[in-house]
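A.B. asks:
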Amino acid sequence: MRVRDRVVVVTGASSGIGRVTAEAFARKGCAVVLAARRAEALQAAARDCERRRGARALAVPTDVTDAGAVEDLARRAVERFGRIDVWVNAAAVTVFGSFEEVPLEDFRKVLDVNVMGYVHGARAALRVMREQDHGTLVNVSSVVGVVSQPYSHAYGMSQHAVRALGAGLRQELALEGVKGVHVCTVLPATIDTPFFEHAANYTGRKAVAMPPVYSPERVAHAIVDLVRVPRREVVVGPTGRSMVLESRMAPGMTERMMARQVDRTHLSRKEPAPATQGNLHVPTPGTGAAHGGWGGRRHTAVRRLGTAAALAGAAAGARRLMRTPAP
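In terms of this note's numbering, the sequence shown is residues 70 to 396.
1) Using the Cβ count rule (16 or more neighbours within 10 Å means buried), how would you classify His335?
2) Going by DSSP, what residue range makes up the alpha helix (DSSP H) through Ala191?
3) In angstroms, rounded to a whole number, what distance separates the CA positions of Val155 and Ala191?
4) Answer with buried or exposed for Ser83, where buried requires no fewer than 16 other C-beta atoms within 10 angstroms of its C-beta.
5) With burial defined as no fewer than 16 other Cβ atoms inside 10 Å of the residue's Cβ, what is the status of Asp74: buried or exposed?
6) Which residues in the same chain have their Cβ closer than 8 angstroms to the Cβ of His203, if we skip the five residues on either side of it in sequence?
7) Looking at C-alpha atoms only, which residue of Tyr187, Val303, Ala95 is the closest neighbour of Ala161?
8) Once DSSP output is grouped into helix, strand and coil, what is the label at His290?
9) Rounded to whole angstroms, what's the CA-CA distance from Gly151 to Val252? Just pull it up for me.
10) By Cβ distance, which residues of its chain are closer than 6 angstroms to Arg372, with the 5 residues on each side in sequence left out?
11) Residues in the same chain with beta-carbon distance under 7 angstroms from His222, minus the five sequence neighbours each way, listed in chain order, please.
12) Using the Cβ count rule (16 or more neighbours within 10 Å means buried), how would you classify Gly123?
13) If we call anything under 8 angstroms between Cβ atoms a contact, is Ala236 one with Val305?
14) Per the DSSP calculation, Thr254 is bridged to which residue(s)?
15) What is the DSSP secondary structure of Leu349, counted as helix, strand or coil?
16) Please classify Leu374 as buried or exposed, where buried requires at least 16 neighbouring CB atoms within 10 angstroms.
17) Could you check where the beta strand (DSSP E) with Ser337 kicks off and where it finishes?
18) Nearest to Val212 by alpha carbon, out of Gln201, Arg199, Thr205, Met226?
19) Relative to the C-alpha of Val331, which candidate in Phe165, Gly347, Leu127 has its C-alpha closest?
20) In chain order, what residues of the same chain lie with their CB nearer than 6 angstroms to the CB of Met198, ignoring the 5 residues before and after it?
21) Check whether the region 103-115 touches the region 345-365, taking contact to mean three or more Cβ pairs, one atom from each stretch, closer than 8 angstroms.
22) Distance, Cα to Cα, Arg329 vs Asn270?
23) Extract the residue ranges of the beta strand (DSSP E) inside the region 75-161, only unbroken runs of 3 or more that lie entirely within it.
24) By Cβ distance below 7 angstroms, which residues in the same chain neighbour Gly357 in space, the five residues on each side in sequence not counted?
25) How is Tyr220 classed by DSSP in three states: helix, strand or coil?
26) With respect to the alpha helix (DSSP H) encompassing Lys178, which residues constitute its N-terminal and C-terminal limits?
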């Protein structure tokens, strides 16, 4: 599918991956419909999109846990732009804490947003796309949907559920002979967004982005590519791809490795943190932000420079060997 001039709905568009994804489609000349709970942040994100090649943007404050609100989001998108070509489910929340200490109301909220929010989005999107006989639904999951983590049980469960949702929908569409509608799942590794800062936390330790950290632009690029060439699942980040592969070959070892990694680098051993419900029940005030200050862009650039230097060194070594006369 040609990306230019598409109509794209993005949930979770007030910050992080959702916000950057909306901007990426706006740069392609697409009309974007932005949805999230925070009206102020959503309007700011819409203005940013409109600065990209004069793209058309519509901000629709939406709580994805409300099925009626999500149906209204789809209705307003169609009324304004005539169709929905792409729907990106990217609204997500999380809570850190030991299994027995996380309040059940917080546990349920994570599942309600991350699972039922995607169900509501998928239903609203597919109803329109079936009628059009074309469209791409993109569900943003996580590598945690393949390799679970300690202290974030609700989030891990939700990401496994998102993968299962995508697989089930693809099978159903195939059995019904629907060829113009695609369902894709994106599984990012650790991404530089405000996600961790806004998380609910009952561990007593500050939640930080677990290295290596990648930029949200990398995820947005993968999502745009899925509209061009739809695929079942795409893992974003070389480390994420390695983890997924290792989990298939040595699941027990991968679980132990992930447990140690989370304990050492995902929850700070130096900075304490008070118990908080984060943004689970009340949205974080303000105009929102795309990045979390974890250095995703810088770390990505450093890794690329290191790779380039290594390749250049290998090439130089190969040239020297070729010039060395045979004994």
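In this text, a Cβ means the ideal position worked out from N, Cα and C, and glycines have one as well.
C.D. replies: Taking the geometry as given:
1) Translated into the one-based positions of the sequence shown, residue 335 becomes position 266. The residue in question, His335, is buried, as its Cβ has 16 or more Cβ neighbours within 10 Å.
2) Taking the sequence shown and counting its residues from 1, the one referred to as residue 191 is at position 122. Its alpha helix (DSSP H) spans residues 186-201.
3) Looking up residue 155 in the sequence shown gives position 86. Looking up residue 191 in the sequence shown gives position 122. Roughly 11 angstroms separates the two Cα atoms.
4) For the purposes of this step, residue 83 is taken as residue 14 along the sequence shown, with counting starting at 1. Per the 10 Å Cβ criterion, buried.
5) To locate residue 74, count along the sequence shown from 1; it is residue 5. Exposed: under 16 other Cβ atoms inside 10 Å.
6) Indexing the sequence shown from 1 puts residue 203 at position 134. Same-chain partners within the cutoff: Met70, Asp154, Gly249, Val250.
7) In the sequence shown, the residue the question calls residue 161 occupies position 92. The shortest C-alpha separation from Ala161 is found at Tyr187.
8) Along the sequence shown, read from residue 1 onward, the residue named residue 290 stands at position 221. Residue state, collapsed to three classes: helix.
9) Indexing the sequence shown from 1 puts residue 151 at position 82. Indexing the sequence shown from 1 puts residue 252 at position 183. C-alpha separation (whole angstroms): 21 angstroms.
10) Residue numbering aside, residue 372 sits at position 303 when the sequence shown is read from its first letter. With a pLDDT of 42 at Arg372, under the threshold of 50, the modelled position of that residue is not reliable, and no figure is offered here.
11) As a first step, residue 222 is located in the sequence shown; it is residue number 153 there, counting from the start. Excluding sequence neighbours, His222 sits near Phe168.
12) As a first step, residue 123 is located in the sequence shown; it is residue number 54 there, counting from the start. Exposed, since its Cβ has fewer than 16 Cβ neighbours within 10 Å.
13) Translated into positions along the sequence shown, residue 236 becomes position 167. Translated into positions along the sequence shown, residue 305 becomes position 236. Cβ atoms of Ala236 and Val305: not closer than 8 angstroms.
14) Numbered from 1 along the sequence shown, position 185 holds the residue referred to as residue 254. In the DSSP output, where bridge partners are listed per residue, Thr254 has Asn208, Glu302.
15) Residue numbering aside, residue 349 sits at position 280 when the sequence shown is read from its first letter. Here Leu349 sits in coil by DSSP.
16) Indexing the sequence shown from 1 puts residue 374 at position 305. Confidence at Leu374 is low in this model, with a pLDDT of 37, below 50, so the placement of that residue should be treated as unreliable; the coordinate-derived value is given next. Flag for Leu374 reads exposed.
17) On the sequence shown, residue 337 is found 268 positions in, with the first residue counted as 1. Segment 336-341, the beta strand (DSSP E) holding Ser337.
18) In the sequence shown, the residue the question calls residue 212 occupies position 143. Considering only alpha carbons, the answer is Met226.
19) Taking the first residue of the sequence shown as position 1, residue 331 is located at position 262. Comparing Cα-Cα distances from Val331 to each of Phe165, Gly347, Leu127, the minimum goes to Phe165.
20) Your numbering for residue 198 matches position 129 in the sequence shown. So the list reads Gly204, Val250, once near-sequence residues are dropped.
21) yes
22) Counting from 1 along the sequence shown, the entry for residue 329 is found at position 260. Counting from 1 along the sequence shown, the entry for residue 270 is found at position 201. Going by the C-alpha atoms only, they are around 19 angstroms apart.
23) 76-80, 100-105, 126-130, 155-158
24) Here residue 357 corresponds to residue number 288 of the sequence shown, with the count starting at 1. Cβ within range, chain order: Ser83, Ser84, Arg88, Arg107, Ala110, Ala113, Ala114.
25) Translated into positions along the sequence shown, residue 220 becomes position 151. In the structure shown, Tyr220 sits in coil (DSSP, three-state: anything other than H, G, I, E or B).
26) Here residue 178 refers to the residue found at position 109 of the sequence shown. Element bounds for Lys178: 173-180.
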